[in-house]
Amino acid sequence: MLIHLIVAARPNFMKIAPLYYALKKEDWAVPIIVHTGQHYDLNMSDAFFQDLGLPEPDLHLGIGSGTHAGQTSQVMIAYEKALLERRPDLIVVVGDVNSTIACALVASKISYKPTNPSNSINHPKRPLIAHLEAGLRSFDRTMPEEINRLVTDAVADILWTPSPDADDNLIREGVIQEKIHRVGNIMIDSIEMLRQKIQKQAVYEEFGFKPGDFGLVTLHRPSNVDDPELLKQICQTLTRIAQTIPLIFPIHPRTLKNLQQNGLMSLLKQVKGLLLLKPLSYIRFMNLVFNCRFTITDSGGIQGETTYLGIPCLTIRPNTEWPITINHGTNHLCTLENLEKRVEATLAGKAAQGSTPEFWDGKTANRVVKTIKSLHPQWL
Ligand code: UD1
């Protein structure tokens, strides 16, 4: 069974790696990594392949940055060609980036020509489409990622969900129960896969910190970093927080560009207690997550990782597609107005304790493989 595992942007790599390894062990599966090239920098892509021990992608579409329409359509055109040439039986898309929707949409409309015209009735017309991390909803359609999630789930044949709320969302949207398989959070598999390597490092020491005496910041959502006035206010708030507890801030390329264009980077560089870094590789970054006092973020992945690790997470967003991290975990949604109070409460030991959601146990990839086997025994 030829399986395309699609990766595109930073948060995809740690979702695909555990599945790649689990499929590699199966004699019926031929997993192929397809990189669309949405993220292309050494530290946004290659460093993750290295840390996760992934081989070079079998196929690189080399698309890069662009407007939403430009990026999505270029991935669609390139992937259509690749699908027709390579004819996978199953494609797996993950998360909610532009390449996720682009590849799912192409695969849903492709039509393979029969290889044997005398047996054209039984030949597969198109690959099955599976979405890993299906069903998550922020209910905020101003987020490009929410549109990507909705459309991808609408065309997928197999929906692997991380939590009961995701199952409920799909059922409410009319998806039949048979398509939905709750498998857990695949990102936890990567943490467990690399736990020893993550814990062996002491990245914080390079910057003169000890475990628990710094906060970790990541920001990249367009809603936070694209509006110059809001970005300025975020910088001012971080500057004030850094006077109470030092902050480590690895800066995403989108955020860096906006900070530079608005003259904010030079100001931030002068702030005592604020350590500005380039984006970090997976193992180095996770070492900081394991050892920080709290995170301030707008990332989806970090909300899940901190819930699993029991680290307080302050999310600068009005909503989240991961409500389980609030109801069961350590996540708090914050506004810029109450962020400092939240930091104070966290430092005073008043953060949510949280518990680990069901199936967030490092075994999600095995459950995914089991569902593929149970769905299509004729391929085995
Ligand atoms: C994308 C995803 C988002 C995900 C995030 C993780 C969409 C709509 N957004 O957002 O869901 O959470 O990735 O990082 O798919 N850039 C570089 N180097 C790179 C990649 C990007 O410099 O390796 C620059 C681009 O030139 C662009 C900016 O960063 O100006 C944004 O990149 P883009 O891929 O459009 O979206 P992200 O904001 O990274």
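Mapped onto the numbering used here, the consecutive letters of the sequence shown carry residue numbers 164 to 543. Backbone N, C-alpha and C define an ideal beta-carbon position, used for all residues, glycine too. Owing to the predicted nature of the structure, the values given are computational and were not obtained by experimental measurement.
Discussion item. Just list the residues that DSSP pairs LEU222 with in beta bridges.
Written reply: Walking along the sequence shown from the start, residue 222 turns up at place 59. BP columns for LEU222 point to VAL197.
Discussion item. Quick check on DSSP: helix, strand or coil for LEU299?
Written reply: Residue 299 sits at position 136 when you count from the first residue of the sequence shown. Coil, per DSSP.
Item to complete: Below 8 Å on the Cβ atoms is my guess for TYR184 versus LEU168; work out the distance and round it to an integer in Å.
Response: Start at 1 with the first residue of the sequence shown, and residue 184 comes out as number 21. Start at 1 with the first residue of the sequence shown, and residue 168 comes out as number 5. About 11 Å; that fails the 8 Å criterion.
Worksheet item: With a CB to CB cut of under 6 Å and the five nearest residues on each side skipped, what residues in its chain are close to PRO120?
Response: Since the first residue of the chain shown is 164 and the last is 543, residue 120 is not available in this structure.
Fill in: Validate contact between the region 235-245 and the region 214-226 using beta carbons, cut 8 Å, 3 pairs
Yes: at least three Cβ pairs fall under 8 Å.
Worksheet item: Would a C-beta distance cut-off of 8 Å place TYR445 and ILE351 closer than the cut-off?
Response: Within the sequence shown, residue 445 is the residue found at index 282, counting from 1. Within the sequence shown, residue 351 is the residue found at index 188, counting from 1. Judged by their CB atoms, TYR445 and ILE351 are not nearer to each other than the 8 Å cut-off.
Discussion item. Relative to the C-alpha of PRO290, which candidate in MET164, GLY464 and LYS441 has its C-alpha closest?
Written reply: Numbered from 1 along the sequence shown, position 127 holds the residue referred to as residue 290. Ranking the options by Cα distance to PRO290, first place goes to MET164.
Fill in: the region 199-212 / the region 427-443 touching (three or more Cβ pairs under 8 Å)
Per the Cβ contact rule, the region 199-212 is in contact with the region 427-443 (3 or more Cβ pairs under 8 Å).
Discussion item. Only counting the same chain, and skipping five residues up and downstream in sequence, which positions put a Cβ closer than 8 Å to that of PRO251?
Written reply: For the purposes of this step, residue 251 is taken as residue 88 along the sequence shown, with counting starting at 1. Taken in chain order, the residues that qualify are LEU165, ILE166, HIS167, ILE195 and PRO290.
Practice prompt. Would you kindly work out how many angstroms separate the C-alpha atoms of ILE292 and ASN279, rounded to a whole number?
Written response: One-based indexing of the sequence shown puts residue 292 at position 129. One-based indexing of the sequence shown puts residue 279 at position 116. Using only the alpha carbons, I get a separation of about 23 Å.
Practice prompt. For VAL532, verify whether its CB is less than 7 Å away from any heavy atom of ligand 2.
Written response: Here the bound small molecules are ligand 1; ligand 2 is not part of this structure.
Practice prompt. Return the chain-ordered list of same chain residues with a C-beta closer than 8 Å to the C-beta of GLN516, the five sequence neighbours on each side being excluded.
Written response: Start at 1 with the first residue of the sequence shown, and residue 516 comes out as number 353. Cβ neighbours of GLN516 beyond the five flanking positions: GLY473 and THR493.
Worksheet item: What three-state label does DSSP hand HIS495 in the structure shown?
Response: For the purposes of this step, residue 495 is taken as residue 332 along the sequence shown, with counting starting at 1. Three-state result, HIS495: strand.
Worksheet item: Can you name the residues that DSSP bridges to ILE479?
Response: The count along the sequence shown starts at 1 and reaches residue 479 at position 316. The partner list for ILE479 (beta bridge, DSSP) reads CYS497.
Discussion item. Quick check on the DSSP output: the alpha helix (DSSP H) that includes ARG173 runs from which residue to which?
Written reply: As a working note, residue 173 is residue 10 in the sequence shown. Start and end: 173-187.
Worksheet item: Any heavy atom of ligand 1 closer than 7 Å to the CB of LYS288?
Response: Counting from 1 along the sequence shown, the entry for residue 288 is found at position 125. No, since every heavy atom of ligand 1 falls outside the 7 Å radius drawn around the Cβ of LYS288.
Practice prompt. Following the continuous alpha helix (DSSP H) through HIS344, name the residue where it begins and the one where it ends.
Written response: Residue mapping note: residue 344 aligns to position 181 of the sequence shown, counting from 1. That residue, HIS344, is in no alpha helix (DSSP H); its beta strand (DSSP E) goes 343-345.
Discussion item. Can you tell me whether SER444 sits near ligand 1, meaning its C-beta is under 7 Å from at least one heavy atom of the ligand?
Written reply: As a first step, residue 444 is located in the sequence shown; it is residue number 281 there, counting from the start. No, ligand 1 has no heavy atom inside 7 Å of this Cβ.
Worksheet entry | Buried or exposed (CB count within 10 angstroms, at least 16 for buried), HIS383 | Walking along the sequence shown from the start, residue 383 turns up at place 220. HIS383 counts as buried, since no fewer than 16 other beta carbons sit within 10 angstroms of its beta carbon.
Practice prompt. Could you tell me whether any non-hydrogen atom of ligand 1 is closer than 7 Å to the CB of PRO413?
Written response: Along the sequence shown, one-based indexing puts residue 413 at 250. PRO413 Cβ: outside cutoff for every heavy atom of ligand 1.
Worksheet item: Is THR315 helix, strand or coil when you go by DSSP?
Response: Taking the first residue of the sequence shown as position 1, residue 315 is located at position 152. When DSSP states are grouped into helix, strand and coil, THR315 belongs to the helix group.
Fill in: Opposing strand residues paired with ALA293 [DSSP bridges]
Looking up residue 293 in the sequence shown gives position 130. Within the DSSP bridge table, the entry for ALA293 names VAL255 and ILE321 as partners.
Worksheet item: Given 8 Å as the limit, is there contact between the region 306-325 and the region 420-439, that is, 3 or more CB pairs closer than that?
Response: The region 306-325 vs the region 420-439: no contact.
Fill in: Distance CB(GLU189)-CB(VAL506) smaller than 8 Å
Along the sequence shown, read from residue 1 onward, the residue named residue 189 stands at position 26. Along the sequence shown, read from residue 1 onward, the residue named residue 506 stands at position 343. For GLU189 and VAL506, no; Cβs fall outside 8 Å.
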